[in-house]
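Numbering (our numbering), first residue to last: 203 to 448.
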């Protein structure tokens, strides 16, 4: 059988980087989508190649339709037909109450987390339905059901929309042989917290989590890898919560 070819957006750091490396270990050729840090993306790509898999890093702003089209075009030209997509690219904006948020930040969160996921899913659906198979995994968040008051309700709202997209698109693409699922991480210890201005946030939250610790990016990558695998062949429309019980 041909080796699976999987596009991972936001693949240069955190959950995305861990997912690229886990999928490579599971036999996937990987496209590392990134928006800013080319050096980090190339480091992840080197890790994929060290696992014996092919890899290409592609700069892409997933909220821009032309760049999304280019991402998939490069993937298919360099690695072959895309069989999988992990919609991981996402932003939170600064921590704080909605009343204090800047509209430009709200729009960016919606553009990346929701529009970007829609555009990437749309292009993947066009390619996969024509071939009669494929797998899409969206990275949602436990915030979709918790609401994240005082932190980022706007982010939580976009992730709730991603959950709705997962369910609806799974029903729409199921007859075409394409599975669509999501993973909803809880508090994960990644550099995302430093980016939003609170680097110790995950560690401080440990006492509110039933397992009494934040999760690791590799634990989310493992859940994504399972949903991408033949072992999950009858799973579609599922939102798999990986949140330490929170």
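We treat Cβ as the ideally placed atom computed from N, Cα and C, and that holds for glycine.
What does a CB cutoff of less than 8 Å around residue 437 pick up in its chain, not counting 5 residues either side in sequence? 381, 383 and 429
What are the boundary residues of the beta strand (DSSP E) that includes residue 436? Note, residue 436: premise wrong, no beta strand (DSSP E); not H, not E.
Could you name the residues of the same chain whose beta carbon sits closer than 7 Å to that of residue 426, not counting the 5 residues immediately before and after it, in chain order? 221, 288, 339 and 385
CB-CB length for residue 272 against residue 284, believed under 8 Å: With 8 Å as the limit, residue 272 and residue 284 do not qualify as a contact, their Cβ atoms being about 13 Å apart.
Residue 384 (DSSP reduced to helix, strand or coil): strand
So, using beta-carbon positions, are residue 250 and residue 276 closer together than 8 Å? no
In the DSSP assignment, what are the bridge partners of residue 231? According to DSSP, residue 231 shares a beta bridge with 207.
Opposing strand residues paired with residue 390 [DSSP bridges]: In the DSSP output, where bridge partners are listed per residue, residue 390 has 417.
Helix, strand or coil for residue 290 per DSSP? Three-state result, residue 290: coil.
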